[in-house]
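Heads up: the structure comes next, in structure tokens.
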Amino acid sequence: MFAVLISAFNAVLAFVLRKVTVKFLLFGALYWLCTEIPSLIAAHFPDISSVQTLFDRMPDDVIYFANYFYVPQGVTAIISALFVRFFIRRIPFLGG
27 MFAVLISAFN AVLAFVLRKV TVKFLLFGAL YWLCTEIPSL IAAHFPDISS
77 VQTLFDRMPD DVIYFANYFY VPQGVTAIIS ALFVRFFIRR IPFLGG
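Take any residue in the sequence shown, note its place counting from 1, add 26, and you have its number in the numbering used here.
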């Protein structure tokens with residue numbers, strides 16, 4: 027009876043150490059990359075004054091409806107999803 031419990035414990039421990047820990051570290055690194063890389067890339071962009079003048083020239087109605095339909099959050103989510111897809115496809119056993 028005791029040997030069966032030890033065998034089951036060893037099987038669970040082996041699964042956790044081989045599969046779960048590796049995937050946790052891998053996806054943790056992917057999450058870190060997807061949160062830190064956009065800020066590093068944005069630091070190298072030129073001055074955003076031209077973007078600010080672009081938004082200043084937009085009509086108030088366009089800005090209102092863009093905020094109403096959560097366009098800034100949607101663009102952020104799409105860009106983050108594209109980064110995640112790019113990195114996952116580079117992993118041989120996950121990207122396929």
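Yeah, the Cβ is synthetic: ideal placement off N, Cα and C, and Gly gets one too.
query: Which value, in whole angstroms, describes the spacing of the CA atoms of residue 42 and residue 65?
result: 33 Å
message: I need the DSSP call for residue 95, collapsed to helix, strand or coil.
response: coil
task: Output yes or no for whether 9 Å exceeds the beta carbon distance between residue 124 and residue 119.
output: Examination of residue 124 is not possible in this model, given that the chain is present from 27 through 122 alone.
message: Give me the residue from 48, 83 and 53 with the minimum Cα distance to residue 111.
response: 53
- prompt: Would DSSP call residue 116 helix, strand or coil?
  reply: coil
message: Rounding to the nearest angstrom, what Cα-Cα distance links residue 86 and residue 106 in this structure?
response: 28 Å
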